[in-house]
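Peer 1:
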Amino acid sequence: MKQIITLLLLVFVFFGCTPKQTVELKLPGKKERITDLNIKKEKPLEVTDSSTVIEKLTPIDIKETTGPQDVIDVTPAIDGEIPQSTIESNITLEDLKIDEGKIKVKIAFIYPSSLVEKYAKSSLDTISGYLSYQKADYDLTVIDCTNESYENINSAFSKVTQDGITNVIALFTPSAVNSLDKLVPSDVKVYLPLIEKKDSLSDNESLIFGSISYEQQMQKLNSYSIGNNAMFYQDSYIGNKLRRAYDSTVNDTRVTKQISKNENNFKNIVNDYRLNNSSLFLNTDIVKTSLILSQLRAYDVYPKLIFSTQINYDPMLMLLTQDKDREKFVIANSIDEINKELKDEIITFGGNIIYEWVDYSTLVGVNYLYYGGNSSLIQTKIVGNQAVYNPKLYKSTDVGFLEIK
């Protein structure tokens, strides 16, 4: 008995001296907890606000070199582990994209409001839309010189020089060319959307001419003429300009009729048997053209073909006439296709580069000045200080104009 008691006492002492370990089983929704293990806890990262905390790195100087570089360990150490990978650095300045910031574009827009006010706003919107598309940092100075007197043009360009502007878009007419020839400084480029180079005797390299050529359009139309030509023209500035373009291009004219500005009754004009099977050129605005087209059919007069220039390249034509009125109608247009994103941006600003040739010419000019030369963004190029257009022929449909191939 005494031996049994001694044995139990020894067992009790042995188990009482064993270190205690407690393991709590991991239950759903409860994290495993281990006690009595010697684990060092790090101080948690203090966050003073709701923004993301980013560890600050010590800047590394980048030096240009041409030889191979030392191997640099760029793998961050995680939880005290030794990085497992390295990369070889052989970086030169040519490999780096350095943001030098945008260069400010300075352009002046000059217009004589008493002469071209109806074109000015839309042209200005075209310039703004283009510069917005380019995401340019720009200053656009707008100068209304009221008219084309020598004094007012001089005052406008004095402002341009004073502001250090070297790129100008100016809505002057051919009457201003002589003054521009004398007043434009040699270090300033002036784009003129409304003037053709042939209308100027100036050899001033600072002047860049951007008007479309009605003569080129007449030549394109005349190539489809069957002869027996007839021509109506309007007694207006543009009407007389179109008449001169026609006279210099088309021969074999059997009928020529002038239409006064206030003419609304076209019976005596269209009721002419000589117009049957003719090639009729209409150098008239869209309202008078629409009336003529409808009156020709009303009096059973049927030209073989009816031609017109850019002056009638307007979607209003489809609203003012019926389909049968336009069956033989062919229109010349010098406005080329444009990048969709650029087109949308300009339209958003209010420019109309689809149908308004002055806006399109302005676009050609601002693109040329922006790049300091021609670019692939615009199809129309400037050659010898003149914008060179490619006229195409169109027929009208219910939904718009369709090019004749």
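If you're matching positions, the sequence shown starts at 6 in my numbering and goes up one per residue.
Glycine included, each C-beta is placed from N, C-alpha and C at the ideal position.
(1) Would you report the Cα separation of Y399 and F286, rounded to the nearest angstrom?
(2) Entirely within the stretch 325-386 and at least 3 residues each: give me those beta strand (DSSP E) ranges in chain order.
(3) What number of angstroms, rounded off, separates the C-alpha of K109 from the C-alpha of D142?
(4) Are the CB atoms of N395 and L382 nearer to each other than 8 Å?
(5) Return the CA-CA distance between N267 and S137, expressed in angstroms with no decimal places.
(6) Determine the closest residue to Y229 out of I158, L197, F312 and R279, with distance taken between C-alpha atoms.
(7) When DSSP labels each residue in this structure, what does S262 get in the three-state scheme?
(8) Which residue from T166, W362, I352 and V404 puts its Cα closest to that of L176?
(9) On the criterion of 16 or more Cβ atoms from any shown chain inside 10 Å, does R279 qualify as buried, or is it exposed?
(10) Report buried or exposed for K203, applying the criterion of at least 16 other Cβ atoms within 10 angstroms of its Cβ.
(11) Can you tell me whether DSSP reads A221 as helix, strand or coil?
(12) Whose CA, out of Q139, S218, I158 and V193, lies closest to the CA of V393?
(13) Q162 lies in the alpha helix (DSSP H); which residues open and close that run?
(14) Bridge partners of D144, per DSSP?
(15) Quick check on DSSP: helix, strand or coil for E122?
(16) Leaving aside the five residues before and after D66 along the sequence, list all residues of the same chain whose C-beta is less than 7 Å from its C-beta, in chain order.
(17) Return yes when the Cβ of I115 is within less than 8 Å of the Cβ of I148, no when it is not.
(18) What's the C-alpha gap between V193 and I158?
(19) I need the straight-line Cα distance from G377 to N172, nearest angstrom please.
(20) In the structure shown, what three-state DSSP assignment does I291 receive?
(21) Check this for me: beta carbons of G215 and Y196, under 8 Å apart or not?
(22) Where does I316 fall in DSSP's three states?
(23) So, for L212: in the same chain, excluding its five sequence neighbours on each side, which residues have a beta-carbon less than 8 Å away from its beta-carbon?
Peer 2: Inspection of the coordinates gives the following:
(1) Position 394 of the sequence shown, counted from the first residue, corresponds to residue 399. Position 281 of the sequence shown, counted from the first residue, corresponds to residue 286. Answer to the nearest angstrom: the Cα atoms are 15 Å apart.
(2) 334-338
(3) Looking up residue 109 in the sequence shown gives position 104. Looking up residue 142 in the sequence shown gives position 137. Those two C-alpha atoms are separated by around 5 Å.
(4) The residue given as residue 395 occupies position 390 in the sequence shown. The residue given as residue 382 occupies position 377 in the sequence shown. In this structure, L382 does not lie closer than 8 Å to N395 by Cβ.
(5) Residue mapping note: residue 267 aligns to position 262 of the sequence shown, counting from 1. Residue mapping note: residue 137 aligns to position 132 of the sequence shown, counting from 1. Spanning the two alpha carbons is a distance of roughly 42 Å.
(6) Mapped onto the sequence shown, residue 229 falls at position 224. Of the candidates I158, L197, F312 and R279, the one whose C-alpha sits nearest the C-alpha of Y229 is F312.
(7) Start at 1 with the first residue of the sequence shown, and residue 262 comes out as number 257. The sequence shown places Lys at residue 262, rather than the Ser named in the question. The answer is strand: DSSP assigns K262 an E or B state.
(8) Here residue 176 refers to the residue found at position 171 when the sequence shown is read from its first residue. Nearest of T166, W362, I352 and V404 to L176, Cα basis: W362.
(9) Mapped onto the sequence shown, residue 279 falls at position 274. Exposed: under 16 other Cβ atoms inside 10 Å.
(10) Within the sequence shown, the letter at position 198 stands for residue 203. When all chains shown are included, K203 counts as exposed.
(11) Here residue 221 refers to the residue found at position 216 when the sequence shown is read from its first residue. A small correction: the amino acid at residue 221 is Gln; Ala does not occupy that position in the sequence shown. In this structure, Q221 counts as helix in the three-state DSSP scheme.
(12) For this step, residue 393 is matched to residue 388 along the sequence shown. When only C-alpha atoms are compared, the closest one is S218.
(13) In the sequence shown, residue 162 corresponds to position 157, counting from 1. Reading off the sequence, residue 162 comes out as Phe, not Gln. From DSSP, the alpha helix (DSSP H) with F162 extends over Y155 to Q167.
(14) For the purposes of this step, residue 144 is taken as the residue at position 139 of the sequence shown. DSSP, once it has assigned bridges, lists K111 as partnering D144.
(15) Indexing the sequence shown from 1 puts residue 122 at position 117. In this structure, E122 counts as helix in the three-state DSSP scheme.
(16) The count along the sequence shown starts at 1 and reaches residue 66 at position 61. For D66, the predicted model reports a pLDDT of 33, less than 50, meaning its position is unreliable; a value from the coordinates is still stated below. Closer than 7 Å at Cβ, skipping near neighbours: no residue.
(17) What you label residue 148 is simply residue 143 of the sequence shown in a count that begins at 1. What you label residue 115 is simply residue 110 of the sequence shown in a count that begins at 1. Cβ distance < 8 Å, so I148 and I115 count as in contact.
(18) Taking the first residue of the sequence shown as position 1, residue 193 is located at position 188. Taking the first residue of the sequence shown as position 1, residue 158 is located at position 153. Each residue's alpha carbon lies about 14 Å from the other.
(19) One-based indexing of the sequence shown puts residue 377 at position 372. One-based indexing of the sequence shown puts residue 172 at position 167. Distance between the alpha carbons of G377 and N172: 10 Å.
(20) Here residue 291 refers to the residue found at position 286 when the sequence shown is read from its first residue. Helix, per DSSP.
(21) Numbered from 1 along the sequence shown, position 210 holds the residue referred to as residue 215. Numbered from 1 along the sequence shown, position 191 holds the residue referred to as residue 196. Yes. Within cutoff.
(22) In the sequence shown, residue 316 corresponds to position 311, counting from 1. In the structure shown, I316 sits in a helix (DSSP, three-state: H, G or I).
(23) As a working note, residue 212 is residue 207 in the sequence shown. Contacts found: V182, L185, D186, V189, V195, L197, S205 and N390.
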